Structure formats: structure tokens, C-alpha cells
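Heads up: the sequence shown is residues -18 to -1, 1 to 517, going by mature numbering (1 follows the signal peptide of the UniProt record, and there is no 0).
Backbone N, C-alpha and C fix where the C-beta goes; we use that ideal spot for every residue, glycine too.
Computed from a predicted model, the values in this text were never measured in an experiment.
First up is the structure itself, then whatever we jot down about it.
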Amino acid sequence: MLLSFRLLAACFLSRTLASPIAPYGENLVVDLGYGRFQGVKNETAGVTTWFGIRYAAPPTGSKRWQPPQDIESTHYYTPGKVVDATHQGPICVQGTPAWQLNNTSNVTTPVGAEDCLLLDVLVPANPTSPKLAVIAQIHGGGYTEGNSETYPGYALVNASRGNVIYATLQYRLGAYGFLSSDEIKQNGAPNAGLLDQRAALYWIQRHIGSFGGDPEKVTIYGGSAGGGSVMDQMILYGGAADPPFRAAIAERPWWQPYHDDAALERQYDELLQASDCHDLQCLRSLPADELALATQTSYILGYTAKNYGYGDFYYGPTVDGTVVRDLPSNEYKQGHFTKVPLITDREGFEGYTFSNLSESTAAEETADLESLFPGWTPSFLKRLYSLYPRSDFNSTFFQRQTIFGDFIISCPTYYMATAVSDYKPTYKMIFDAGTEMHGATQPYLLAFGYGNVTGQNGTLAHIMKDYYVSFVTHLDPNVVSYSGTPKPAWPSYQSGNGESFEVMFVNYTMMGATEDFDEGPRCDFWHSESYITRN
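Structure (C-alpha cells):
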């Protein structure tokens, strides 16, 4: 049943909270055995934060493209010395795909550092228990951008009323975390960024108790490539039976195109060319600034050679046969994933941000799709255009954004929800409020000043936080309303009459249960074609 926000507005709990940037100065020290760390309280947010705690050794020099080394096995920290953890630590080296650049002729060294395997821990100032549920947040950014503050957790911790700890982790990005080739496979670690994420989750298992968290109540959470990373962690090693988490939230899960071996070798060669190196040993010996410049140059070389298309971030997870054993679509079809309760969602126009606004003709669109899907055949394009006929759209751009959004995000929510719901409670949301574009839920979940965020509905912000925090604490979004705001019950995905899958549908004025719009021939096409990869 749809519920109107007008009815909810009378119960809206109004308040305005300032930005939690400037802490007021009270310091706390936590002893983790291998180091002591000084945190800082934020009176406005009601949160104590420890920033920039290392969970792994710096992946520099000979450790480039190697699995992360647990920090406890090193002597990085001086015994007895208190480490200042009151400010954000270095972010990982960022990378920008060429289609995001205004000028590809003047490549500059990207920001960030290699010594970035850090995490932040946010603890409520007034915890309700010595063993709180934990959100382990994996940031998004196309696997090439982002950091621990990309998806800040202050608002969610505050909204939990002392019931949740929020830990947000960084991992190697771009070429640093996702370079793959035969040489990397023989002398390094493909998918190093995913191994970083898993190492951070194991660090949480070992140490979150020192902050008042319960290692048996960890929910992994991420949006965009963070949501894709949640999916990756679920299929890691074919789906671990005893993972370092008990539940998962995959918001708008970005199923980055999985490039095939030939494309990965070309990518590796482009990095060698950009760095004037001939092998992996040379890459490991490069000065940090030279390697950073070369990685950014490789994005330009790859795009110019049409090795990736508009909307693809180029570097990302790959099938290596061990860490990632098969394409995500196949792993979910075959049940090769970790079975835990799941929330997943997507927005109304997922492909908008990743489509070229200047594209206006059928010929331009076809050339674009051929670049995105180099394994295309005439029959593939014919079937694709029959499912997305031009008559259904008011422009070539909106046709392309729908194709891209379905292929990379909307349909993957359908695949994940149908697969997981056969084993565990699963909840899916289609979010058509806010901007309705990729990331539209973020202000409602992560922003302070619920009724004071321009263009946002304060009541909906309360409801969204209540759903997600209740899922983290009780594995069900309907159990607790921490804000006291009434809301409709979010149905489990396979509830109802059994004839269709049910989702929570949200728009500007109404919300309630409806059938999953993604169930149908379009998503079945992408699933059967396995065009999540480049063939």
C-alpha cells in the first residue's frame, strides 16, 4: 500500500545539525596492541572518530601489486607512542577516465598517496551497549576514485541513537589495485584492491571490539563501485561460508565491465608505455610521482585506442580464477556467493551521469555501444535495439542512458535480489525521488540537517535512515524506528502472491510495495548475453 508523505509530515521530527567537520577537542586513546591511537569527539554529531588507522603495511616499492600485509606483522608503530588519529589520513592515488576530462593533452599527476591502506572508525558518543552492530563501509568512485570520507557516516551513527558503529575503509584504486596481466598473475596479485577490502574486514573482526563493536554483527555497505565491491566480497573465492560479515547492503551496485585477458594485456602494456618501463620490476622501482603520472596517462592511451567506452572507468575487478573465479552474473546464477541477508537498491536514471550528452544520432550511439561492447555482433545490436526501440524514448541520449543504466546497475540489482532471496531475507528498493540519478539516496542517508538540505524531503530522510539502521541492527528494515517516524513496511523480495517479486518503490510524494520493474526481457537479455564482460 502506498503511503503519502503528507500523512507522514505531521510526525516529522525536525532538527538541524551543523556539519561535523570541526571537532571540539576532547581526545580519547584506544590501545589496539600494535599501536595506541588518539581519537576526537565531535559534540555536534555526537560521534567520536579515529581517523587514518592503518590496517595493512604501506603497499609501496616491492609490495606494489602484492596482497596486503596485515599491520600487526610489521613494526610500523613505535611501542607506547600515541598516534594522532584526529584528522583524515592520506587518500589513495586517484584516477580519472578520459571521458571525464576536458583536456586530455595535458596530463597532470593525480592527487593521493600509495601509503593509504587506512580506515576510520566512528563511534556514538553514548553507546547503548558494549557490543554494538557495525557498518563496514566500502566507498564508491568507479574503483578509481574516492576515499574514506566519500560516504561519511556521521548522520547514520547519529540516527542510530547509540546503536551503530561505522567503519569506513580505503583500498588501492585504479592501476594500483586492479592491474592484471600474465606477469601480475605470476608475480603479484590481481584484484589487489578487493584483497585490501577483505584485509580491512578481517582487521575489523580483530579490533572492532576495542571500540565497543561486535565482530559478529558486521554489515558491509557500499554505493556505486562500493555496492559493486559488496557484490565482489560476496563472490570472493566462490563465496566464503564464514565471511567477516553477517549482512550486506549493495546500493546501486556498479557491475564494472570485466575486461577479458586480451584487453587486460593491452591495459598493462599501456602502463608500461606510459612509464617507459618494460616489466613489473621496473614498475615497482619507479618513484611514486612518476608511477602516479604514468597511471593517469594510461587512461588517455586506453581511451584513444578505444579499449574502453564512455562510462567505463577502465580499471576494475577481473576474473583471475582464484580471487574472482567467474563473472558475477555466472557466480550468482550458480549460487557461488556468500549467503547473507541483503538490501539492494537503484535509482530511476542510473545511466544518465555515464552517458554522453553530445550524442544525438543513431550512428553516434551505435559507435558508442560498439566501443562499450567490443564483442558485439549484428545480431546482438538487433536484439538490443528491439528491446530498447527508439520510439520508447524522446532522444538518443535517453535511450543510451537507459541501456547503460540497465546493463551496469538496474539489472544487477535484479540478479542479486533473485539469487540471494532463495537463501536469505532480501529487500530491494527502487528510488525515484531526489535527483532520481545515480547517488540520489545519498543525501537522505548521509547528510545532516534533514529538513534543511536543499530540495530534500526531511521525512523521507528519517525513513531511509530508519530502514537501513534497523537492517544493520536486526537484519530487517522494519523492526525499529529510531526516529519515531511512521513508515510503510518494506516487503521481503519474495513475499506476496508468488507471481512477482516485490520491492519498495519511492517517488516524490508516495512510497509503498510494488512489483519489481526490472523483472522482464531486458534484464533477461543482459543476463543471458553475459555482456557484463568485454568479449
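Label residue i either buried or exposed according to how many other C-beta atoms from any shown protein chain fall within 10 Å of its C-beta, with 16 as the threshold for buried.
{"i": "Y490", "result": "exposed"}
{"i": "R(-4)", "result": "With a pLDDT of only 31 at R(-4), under the threshold of 50, the placement of this residue in the model should not be trusted; the figure read from the coordinates follows. Classification of R(-4): exposed, given that the 10 Å Cβ count is below 16."}
{"i": "S311", "result": "buried"}
{"i": "N24", "result": "buried"}
{"i": "H260", "result": "exposed"}
{"i": "N88", "result": "exposed"}
{"i": "D498", "result": "buried"}
{"i": "G195", "result": "buried"}
{"i": "T110", "result": "exposed"}
{"i": "C264", "result": "exposed"}
{"i": "G502", "result": "exposed"}
{"i": "N129", "result": "buried"}
{"i": "H69", "result": "exposed"}
{"i": "L262", "result": "buried"}
{"i": "D388", "result": "buried"}
{"i": "K199", "result": "buried"}
{"i": "S403", "result": "buried"}
{"i": "N439", "result": "buried"}
{"i": "Q119", "result": "buried"}
{"i": "P360", "result": "exposed"}
{"i": "D214", "result": "buried"}
Taking the straight line between their C-alpha atoms, what separation do you get for residue i and residue j?
{"i": "G284", "j": "L100", "result": "30 Å"}
{"i": "M493", "j": "G144", "result": "28 Å"}
{"i": "Y426", "j": "S373", "result": "34 Å"}
{"i": "R46", "j": "R266", "result": "6 Å"}
{"i": "A27", "j": "F380", "result": "40 Å"}
{"i": "P5", "j": "K321", "result": "Any answer about P5 is weak, because its pLDDT of 35 lies below 50 and its placement is not dependable; what the coordinates show is given next. Those two C-alpha atoms are separated by around 40 Å."}
{"i": "Y219", "j": "V212", "result": "14 Å"}
{"i": "F193", "j": "P134", "result": "18 Å"}
{"i": "I3", "j": "D13", "result": "Bear in mind that a pLDDT of 29 at I3, under 50, signals an unreliable position, so the model cannot answer this."}
{"i": "E341", "j": "T378", "result": "7 Å"}
{"i": "M216", "j": "N108", "result": "32 Å"}
{"i": "V139", "j": "S452", "result": "12 Å"}
{"i": "A256", "j": "D97", "result": "22 Å"}
{"i": "T455", "j": "V306", "result": "30 Å"}
{"i": "N434", "j": "T441", "result": "With a pLDDT of 43 at N434, under the threshold of 50, the predicted position of this residue should be treated as unreliable, though the coordinate-derived value follows. Roughly 11 Å between the two C-alpha positions."}
{"i": "V488", "j": "S44", "result": "50 Å"}
Starting from the C-beta of residue i, find all residues in its chain whose C-beta is less than 6 Å away, skip the five residues before and the five after it, and write them out in chain order.
{"i": "Q76", "result": "P92, V93, G94 and E127"}
{"i": "S206", "result": "G122, R234 and W236"}
{"i": "A399", "result": "T326, T408, K410 and Y475"}
{"i": "P226", "result": "L183, Y184 and Q187"}
{"i": "L457", "result": "A229 and P323"}
{"i": "M486", "result": "M411 and W472"}
{"i": "E165", "result": "L262"}
List the endpoints of the continuous beta strand (DSSP E) containing residue i.
{"i": "G204", "result": "G195 to G205"}
{"i": "Q119", "result": "L114 to I120"}
{"i": "residue 534", "result": "This structure gives no information on residue 534, because the portion of the chain shown stretches from -18 to 517."}
{"i": "T30", "result": "V29 to R36"}
{"i": "Q383", "result": "Unbroken run through Q383 is the alpha helix (DSSP H), T378 to G387; no beta strand (DSSP E)."}
{"i": "residue 521", "result": "Only positions -18 to 517 of the chain appear in the structure, and residue 521 is not among them; the question remains open."}
Residue range of the alpha helix (DSSP H) that residue i falls in?
{"i": "P92", "result": "Segment: none, P92 is in no alpha helix (DSSP H) and carries neither H nor E."}
{"i": "G364", "result": "Checking the sequence shown, residue 364 turns out to be Lys, not Gly. Segment P360 to L369, the alpha helix (DSSP H) holding K364."}
{"i": "Q286", "result": "Before going on, a small fix: residue 286 reads as Thr here, not Gln. Here the alpha helix (DSSP H) through T286 covers A270 to T286."}
{"i": "L262", "result": "L262 to S267"}
{"i": "I166", "result": "D164 to N169"}
{"i": "Y160", "result": "First, the residue type needs correcting, since residue 160 is Phe and not Tyr in the sequence shown. Element bounds for F160: G156 to F160."}
{"i": "R328", "result": "No alpha helix (DSSP H) contains R328, which is instead part of the beta strand (DSSP E) from L324 to E329."}
{"i": "M446", "result": "G440 to H456"}
{"i": "L427", "result": "Q424 to L428"}
{"i": "D251", "result": "D243 to S257"}
{"i": "D414", "result": "Per DSSP, D414 belongs to no alpha helix (DSSP H) and is neither H nor E."}
{"i": "D498", "result": "Here D498 belongs to no alpha helix (DSSP H), and DSSP marks it neither H nor E."}
Excluding the 5 residues preceding and the 5 following residue i in the sequence, name in chain order all residues of the same chain whose CB lies nearer than 8 Å to its CB.
{"i": "P79", "result": "G124, T126, Y281, Y285, Y290, D294, F295 and Y296"}
{"i": "M419", "result": "E329, G330, F331, E332, Y334 and T335"}
{"i": "T42", "result": "E96, D97 and A270"}
Leaving aside the five residues before and after residue i along the sequence, list all residues of the same chain whose C-beta is less than 7 Å from its C-beta, in chain order.
{"i": "Y59", "result": "Y16, G17 and V65"}
{"i": "R36", "result": "I53, Y58, L99 and L100"}
{"i": "E131", "result": "Q70"}
{"i": "H189", "result": "L14"}
{"i": "L114", "result": "N145, V146, I147, G194, G195 and D196"}
{"i": "S142", "result": "P106, V451 and Y464"}
{"i": "G298", "result": "Y125, F160 and Q238"}
Is residue i near the ligand SAH, judged by its Cβ being under 7 Å from some heavy atom?
{"i": "H509", "result": "The model depicted lacks the ligand SAH and carries no ligand whatsoever."}
For chain D, find out if any of its Cβ atoms is closer than 8 Å to the Cβ of residue i; answer yes or no.
{"i": "W236", "result": "In the displayed structure, chain D is absent; only one protein chain is listed."}
Three CB pairs or more closer than 8 Å across the segment 325 to 341 and the segment 155 to 173
no
**Asked** Using 8 Å as the threshold, is the segment 50 to 58 in touch with the segment 177 to 187, meaning 3 or more CB pairs across them?
**Response** yes
Are the segment 245 to 252 and the segment 163 to 181 touching, with three or more C-beta to C-beta distances below 8 Å? yes
### Query
Does the segment 444 to 456 come close enough to the segment 465 to 475 that 3 or more CB-CB pairs lie under 8 Å?
As far as the Cβ criterion goes, the segment 465 to 475 touches the segment 444 to 456, which means the pair count is three or higher.
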